[in-house]
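Student: Once you know that position 156 of the sequence shown is 156 in full-length UniProt numbering, the rest is easy, because the numbers rise by one and skip nothing.
Positions of the beta carbon are idealized from the N, C-alpha and C atoms, including for glycine.
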Amino acid sequence: MWNWRPHSHGLAAVQHQRHGKLIVLFWMAQTLLPVGAQPAAAPQAPISTSPAGSTVVAVYSGTGEAYEQAAQAFEKSLSQALRQDGKVAVFARSNVPADNLPLTPMQPPPRLHIALGVQACAQLARQTLSALAGAPVLCTLLPRQSFEYLMREAGRRAGPEFSALYLNQPLARQLDLIRLALPQARRVGVLVGTVPGALQMEEQLAELARERGLRLVSARLGVNDPIFPGLKQVLDESDVLLAMADPQIYNSHTIQNILLASFRAKVPMQAFSPAYVRAGALLALYATPEQIGAQVALLVRDALTEQNGKARGLGLPQYTQWFEVSVNAHVARSLGLQLDAADLAERLRRLESRGGQERKSSAWPLDSSHHLAQTGAQEESR
């Protein structure tokens, strides 16, 4: 029963785009759609015209209810934000075909493109400046490693003309939440797959953990490696399991067994989706579609603001400013923990607003304590 394996993929470029798309769809399916929700109608693709300078072209990596709900969330937020400035946004939707995206000339030309998902970002990255009508591109609903890979493949540099709002949460924020929720945890376990950038992520995570008085316990899994040996090694040596958004490892075929093994080992999991919390993870850190939409709106509004007769353009790629925390109260009680999701989120926001001073002033020494349930750990008092 334990011989479950990561999914294998083909060529590197195809593998990466598929990984990225799976991450996005995986997040959407579990974050956007409530349990029992009925699918919405597939998005239409009208090409609209509008007063000069008000058109935003939204390019989608696919169709279906998940992308439609994401589209509605960010379009609503963006329209509200622009309305405050006395502006109106008209969205011209387009869906990415299998290989090429023919950009239909628009009159007046668009002011900005928003690419939702890995495939949409990849297609726009291949376009010439003239094909884009000189309008900047903002990619969102894709993880950082996917965006950086696409920039390298297209020979582009991220900046005012081509930027991103990452889907995944910053590693530092994930570790800070572990410290706030599980103050006696010292060893953070993580499974590392073959997604491009995974090894660099592991190195960065190890360094950030050291800065916080934590130690990273990792196991690397190849495409054809069974998951259980690496998982058992990590659980045996960790106080908490940090799940990364890697569909090679965490997917519908493996998650129940991973959660069951984690629960039996009394090693709580911190995940990246509220659906995982409902399934048995202790807690999760994520951004909602509304939060992503609101931040996209701010970035777009700022990019379209004119300064000295010229639009400012986009800034450098960034992570989501807003986030949420979910807690499984039943799992927390079984581990002897009392956790409040709203309180954890607020403390994490305060920590970030102070520039991490709270974290830096309270780094803990490493010790040999093991599972949190065995130590009776309680929430850090302040």
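For E65 and H253, what's the separation of their Cα atoms in angstroms?
Tutor: 22 angstroms
Student: Can you tell me the Cα-Cα spacing of V325 and I227, whole angstroms?
Tutor: Separation of V325 and I227 (C-alpha to C-alpha, rounded to the nearest whole angstrom) is 27 angstroms.
Student: Give the list of continuous alpha helix (DSSP H) stretches no shorter than 4 residues that lie fully inside the segment 217-249.
Tutor: Listed in chain order, the complete alpha helix (DSSP H) runs (minimum 4 residues) inside the segment 217-249 are 227-236.
Student: Going by alpha carbons, who is nearest to P289 out of L260, G309, M201, W322?
Tutor: W322
Student: How many angstroms separate the CA atom of G155 from the CA atom of Q127?
Tutor: 11 angstroms
Student: So which of Q145, L339, E161, K76 has the shortest CA-CA distance to Q200?
Tutor: Q145
Student: In angstroms with no decimal places, state the Cα-to-Cα distance between F272 and C121.
Tutor: 22 angstroms
Student: Whole alpha helix (DSSP H) runs in the segment 115-172 with 4 or more residues, listed along the chain?
Tutor: 118-125, 144-154
Student: Between which two residues does the alpha helix (DSSP H) holding S334 run?
Tutor: Where S334 is concerned, the enclosing alpha helix (DSSP H) stretches over 329-334.
Student: State the DSSP-derived secondary structure class of V56, mapped to helix, strand or coil.
Tutor: strand
Student: What separation, rounded to the nearest whole angstrom, lies between the Cα atoms of F263 and V331?
Tutor: 8 angstroms
Student: So, are the CB atoms of L242 and Q184 less than 8 angstroms apart?
Tutor: no
Student: Going by beta carbon distance, what residues of the same chain come within less than 6 angstroms of A219, once the five residues before and after it are set aside?
Tutor: Answer for A219: L191, G230, Q233, V234, listed in chain order.
Student: If you run the structure through DSSP and keep just helix, strand and coil, what is R215?
Tutor: strand
Student: Specify the secondary structure class of A185 as computed by DSSP and reduced to three states.
Tutor: In the three-state scheme derived from DSSP, where H, G and I count as helix and E and B as strand, A185 is classed as coil.
Student: DSSP three-state label for K266, please.
Tutor: coil
Student: Would you kindly work out how many angstroms separate the C-alpha atoms of L129 and A135, rounded to a whole number?
Tutor: The alpha-carbon atoms of L129 and A135 are separated by roughly 8 angstroms.
Student: Where DSSP assigns a beta bridge to H113, which residues make up the other side?
Tutor: V57, V137
Student: DSSP state of Q204, grouped into three classes?
Tutor: helix
Student: Based on the DSSP secondary-structure assignment, which residues constitute the bridge partners of Y286?
Tutor: Paired residues: E324.
Student: Considering only their Cβ atoms, is the gap separating A164 from L138 smaller than 8 angstroms?
Tutor: yes
Student: Taking only the alpha-carbon atoms, compute the straight-line gap between E346 and N328 and give it to the nearest angstrom.
Tutor: Taking the straight line joining both Cα atoms gives about 17 angstroms.
Student: State the DSSP-derived secondary structure class of A281, mapped to helix, strand or coil.
Tutor: coil
Student: Residues in its own chain within less than 7 angstroms of A303 by CB, not counting five upstream and five downstream?
Tutor: L112, P136, A311, R312, G313, L314
Student: Mapping the DSSP letters down to three states, classify L339 as helix, strand or coil.
Tutor: coil
Student: Between S77 and A297, is the Cβ-Cβ spacing less than 8 angstroms?
Tutor: yes
Student: Report all residues from its chain with a CB closer than 8 angstroms to the CB of A279; omit the five preceding and five following residues, and keep chain order.
Tutor: I255, Q256, L259
Student: Taking all protein chains shown into account, decide if R212 is buried (16 or more other Cβ within 10 angstroms of its Cβ) or exposed.
Tutor: buried
Student: Using C-beta distances below 7 angstroms, list every residue in its chain close to I249, excluding the 5 sequence neighbours before and after it, in chain order.
Tutor: Hits under 7 angstroms: P6, L191, G193, L221, I227.
Student: Can you check DSSP and say which residues form a bridge with A271?
Tutor: Answer is A284.
Student: Where does R187 land, buried or exposed, given buried means 16+ other C-beta within 10 angstroms?
Tutor: For R187, the number of other beta carbons within 10 angstroms of its own is at least 16, and it is reported as buried.
Student: For L191, name the three-state secondary structure that DSSP assigns.
Tutor: strand
Student: List the DSSP bridge partners of A303.
Tutor: Answer by DSSP bridge pairing: none, since A303 is not bridged.
Student: Are S238 and V277 touching if we call contact CB-CB under 8 angstroms?
Tutor: no
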